[in-house]
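In this note's numbering, the protein residues as written are 29 to 471.
Everything below concerns the one structure shown next.
Printed below as a string of structure tokens:
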């Protein structure tokens with residue numbers, strides 16, 4: 029196949045080292061510590077979400093190191109799309125690329141809404157939706173401006189977000205009790221474990237976005253491994269501590285239901301702090317304010333990764349060519365970033381955070397399944413492919429990731445059949461366009 033490359037002199041530039049990659053890897057995900065995961069407690073309770081999270085941690089450990097092998101061997105901006113193209117051909121690449129686009133395009137609207145909810149604490153007269161839209165415009169503009177500035181900001185805001193979590197651990201630590209973890213630990217029985225899976229995934233969703241800046245990474249065969257590995261270890265530790273200290277402060281219902289409205293909340297950490305120290309304490313306000321940085325880190329980082337994924341999709345002719353153009357001055361995928369933002373704002377205006385998270389999870393799980401199939405196929409079809417890093421315990425590692433991903437995908441489908449149909453409809457419509465238009469891009 030001849031790529032539908034845009035004949036421009038502009039190219040992505042290599043600017044990123046291992047520290048920046050760590051910042052991106054943690055930054056993509058860290059909002060999952062600040063919101064979203066707590067909605068899984070409503071489904072599974074403490075024990076149900078804990079079991080689901082344990083399986084998801086195992087999935088991400090095996091998946092991430094398997095994915096790193098491919099990222100080091102094929103350091104391309106399309107990530108899973110490029111790996112699937114080499115392993116599964118153009119049709120397999122289409123579905124891997126679309127799954128990746130759905131994950132990266134639908135995750136930011138949910139995060140934007142949470143940014144609005146956190147900022148609303150300090151600006152109660154300003155609409156949550158308006159705050160979210162302004163955040164979209166600001167961080168899309170920053171990503172268009174340049175990768176170096178975007179990554180430097182991401183590193184700074186990620187470090188601040190990690191420090192915010194550490195402060196939260198110290199603030200809630202004195203109130204932690206094992207007994208609080210036992211309160212109504214499995215309210216919906218074992219079915220709650222499966223219902224909680226999408227929210228356990230939210231703890232780690234989008235870490236694979238590190239691979240999408242491979243073409244902008246200095247010595248990607250070495251630095252991607254360092255960035256991926258260190259980010260994953262950091263996130264596993266933060267996930268466990270956030271879960272324990274939030275729920276351990278006063279039981280799981282404290283971090284799910286807003287005491288004023290009785291409704292499920294997008295601000296679990298402020299809810300836990302409110303019980304521990306009240307909402308008038310300076311530390312409550314400081315940690316809540318820093319919490320915004322965690323949301324911004326993921327929001328900004330996933331916008332960055334989404335732009336690269338959509339750009340590669342357009343460059344290869346799998347989407348309209350307008351997606352696959354690099355801005356001549358800023359050397360960034362400006363068109364892809366703007367189009368993704370328009371779609372994201374439309375999703376944001378629906379106001380359905382939980383459903384948006386679930387659709388992003390459908391994209392992620394489909395991506396994980398196809399990526400692990402690609403990884404195994406690449407080992408068999410291209411044994412001579414240079415692999416600076418090889419996943420430990422092959423083939424067990426990718427098989428574990430594949431099996432857990434399939435079980436999780438089946439569970440999410442069973443508990444969210446209408447959202448599964450929406451996800452499937454998006455794939456079918458996009459594939460119909462691909463089948464009709466793709467031949468025009470091939471000589």
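Just so you know, even glycine gets a beta-carbon here, dropped at the ideal spot from N, CA and C.
Among 161, 121, 386 and 282, which one has its Cα closest to the Cα of residue 106?
Put simply, of 161, 121, 386 and 282 the residue whose alpha carbon is nearest the alpha carbon of residue 106 is 121.
So, using beta-carbon positions, are residue 171 and residue 331 closer together than 8 angstroms?
Result yes, Cβ atoms of residue 171 and residue 331 sit closer than 8 angstroms.
Our contact map puts residue 164 next to residue 329 with C-beta atoms below 8 angstroms; I'd like the distance itself, whole angstroms only.
14 angstroms between Cβ atoms; not a contact.
What whole-angstrom Cβ distance do residue 420 and residue 93 have, given they're in contact under 8 angstroms?
The pair is a contact, with the Cβ atoms about 7 angstroms apart (cut-off 8 angstroms).
Is residue 465 near residue 426, with beta carbons less than 8 angstroms apart?
No.
Starting from residue 90, follow the alpha helix (DSSP H) in both directions and report where the run begins and ends.
DSSP places residue 90 inside the alpha helix (DSSP H), whose first and last residues are 67-101.
Of the listed residues 360, 456, 275 and 457, nearest to residue 176 (C-alpha basis)
For residue 176, the closest alpha carbon among the candidates 360, 456, 275 and 457 is that of 360.
Nonlocal neighbours in the same chain, by C-beta distance under 8 angstroms from residue 320, ignoring five residues either side
Around residue 320, the same chain offers 143, 146 and 147 as residues with beta carbons nearer than 8 angstroms, after the five sequence neighbours per side are excluded.
Which of helix, strand or coil DSSP assigns to residue 292:
Of the three classes helix, strand and coil, the one that applies to residue 292 here is strand, per DSSP.
For residue 299, the three-state DSSP class (helix, strand or coil)
Helix, per DSSP.
Would you identify the three-state DSSP class for residue 378, choosing helix, strand or coil?
DSSP places residue 378 in coil when its eight states are reduced to three.
Is the distance from the Cβ of residue 87 to the Cβ of residue 429 below 8 angstroms?
A contact, by the Cβ cut-off of 8 angstroms.
Coil, strand or helix - residue 44 by DSSP
Shown here, residue 44 sits in a strand according to DSSP, grouped into three states.
Could you tell me whether the stretch 229-247 touches the stretch 378-397, where touching means 3 or more Cβ pairs closer than 8 angstroms?
By the C-beta criterion, the stretch 229-247 is judged to be in contact with the stretch 378-397, since at least 3 inter-stretch pairs fall below 8 angstroms.
Return yes when the Cβ of residue 449 is within less than 8 angstroms of the Cβ of residue 123, no when it is not.
It is not a contact, given that the beta carbons lie outside the stated cut-off.
So is residue 412 buried or exposed if we call it buried at 16+ other beta carbons inside 10 Å?
Around the beta-carbon of residue 412, fewer than 16 other beta-carbon atoms lie within 10 Å, marking it exposed.
Is it the case that the stretch 48-65 contacts the stretch 260-279, given that we only count it when at least three CB pairs across the two stretches are under 8 angstroms?
Flag = yes, the stretch 260-279 and the stretch 48-65 touch.
DSSP three-state assignment for residue 111, whether helix, strand or coil:
Looking at residue 111 - three-state DSSP - the assignment turns out to be helix.
Look at residue 283 and residue 299 and say whether their C-beta atoms are less than 8 angstroms apart.
Here residue 283 is near residue 299, since their CB atoms are less than 8 angstroms apart.
CB of residue 241 within 8 angstroms of CB of residue 52, strictly:
Going by C-beta atoms, residue 241 is nearer than 8 angstroms to residue 52.
Keeping to the same chain, check which residues put their C-beta closer than 8 angstroms to that of residue 397; ignore five residues upstream and five downstream.
So the qualifying residues of the chain are 430, 433, 434 and 437.
Please confirm whether residue 259 and residue 238 have their CB atoms less than 8 angstroms apart.
Taking 8 angstroms as the cut-off, the Cβ atoms of residue 259 and residue 238 count as close.
Measure the alpha-carbon distance for residue 313 versus residue 189 and round it to whole angstroms.
One C-alpha to the other measures close to 14 angstroms.
Contact set for residue 474: own chain, Cβ-Cβ below 6 angstroms, skip 5 residues either direction:
Residue 474 cannot be examined here, being either before or after the span of the chain that is shown, 29 to 471.
Which residues share a DSSP beta bridge with residue 245?
Answer is 44.
Is it buried or exposed for residue 218, if we count other Cβ within 10 angstroms and need 16 for buried?
Result: exposed.
C-alpha gap between residue 235 and residue 61, whole angstroms
Straight-line spacing of the CA atoms in residue 235 and residue 61 works out to 13 angstroms.
Alpha helix (DSSP H) segment containing residue 316, residue limits:
Run containing residue 316: 310-343, per the alpha helix (DSSP H) assignment.
Secondary structure, beta strand (DSSP E): runs of 3+ residues fully inside the stretch 102-185
Runs of the beta strand (DSSP E) inside the stretch 102-185: none found.
Tell me residue 346's beta-bridge partners as DSSP assigns them.
BP columns for residue 346 are empty, so no partner.
I need the DSSP call for residue 56, collapsed to helix, strand or coil.
Three-state DSSP puts residue 56 in a helix.
For residue 376 and residue 276, the rounded distance between their alpha carbons:
Those two C-alpha atoms are separated by around 32 angstroms.
Chain-order list of residues whose beta-carbon lies under 7 angstroms from that of residue 221 (same chain, five-residue window excluded)
Around residue 221: 72, 76, 79 and 80.
Beta-carbon contacts of residue 89 that lie in its chain and below 8 angstroms, excluding the five residues immediately before and after
If the five residues before and after residue 89 are omitted, its C-beta is found closer than 8 angstroms to the C-beta atoms of 260 and 264, all from its own chain and listed in chain order.
According to DSSP, residues forming a beta bridge with residue 285
Beta bridge pairing from DSSP links residue 285 with 292.
Would you give the residue range spanned by the alpha helix (DSSP H) that residue 443 belongs to?
Its alpha helix (DSSP H) spans residues 424-443.
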